[in-house]
Amino acid sequence: MFPVRMKIETTQEIGALIRSRRKLAKLSIAGLAELIPCSPRLLGEVERGKRNVSLSAVLKLCAALGIDLYAEGRGGEVSSRS
Numbered sequence: 184m185f186p187v188r189m190k191i192e193t194t195q196e197i198g199a200l201i202r203s204r205r206k207l208a209k210l211s212i213a214g215l216a217e218l219i220p221c222s223p224r225l226l227g228e229v230e231r232g233k234r235n236v237s238l239s240a241v242l243k244l245c246a247a248l249g250i251d252l253y254a255e256g257r258g259g260e261v262s263s264r265s
């Protein structure tokens, strides 16, 4: 798989990314929810962009699915860890 860079601006967009990576990994909602752990209902709502969740939950979902998140300043500079 090759890296894909995309700008996420809405809960629907991050939910769609999570859903597509979950399906690519051949995981059911229940299977991924068990890995995190969270409820399948919560995960379904996240995937549909219907639920605001903590950043911690998004990071756990992304880590479980092999999604790396990056932040970029509006001036184009990339943030880095100190």
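Under the working numbering, the first residue of the sequence shown carries the number 184, and numbering increases by one thereafter. From the three backbone atoms N, C-alpha and C, an ideal C-beta is built for every residue, glycine too.
(message) I'd like to check one pair, I250 with R188: are the Cβ atoms closer than 9 Å?
(response) no
(request) Would you tell me roughly how many angstroms separate the C-alpha atoms of P223 and I212, rounded to the nearest one? (result) 6 Å
(request) Return the CA-CA distance between G232 and E217, expressed in angstroms with no decimal places. (result) 20 Å
(message) Taking 9 Å as the threshold (C-beta atoms), are V229 and A240 in contact?
(response) yes
(message) Considering only their Cβ atoms, is the gap separating L210 from L244 smaller than 9 Å?
(response) no
(request) Have a look at E192 and G258 and give me their C-alpha separation to the nearest angstrom. (result) 17 Å
(message) For R202, which residues in the same chain have their Cβ closer than 7 Å to its Cβ, ignoring the five residues on either side in sequence?
(response) E230
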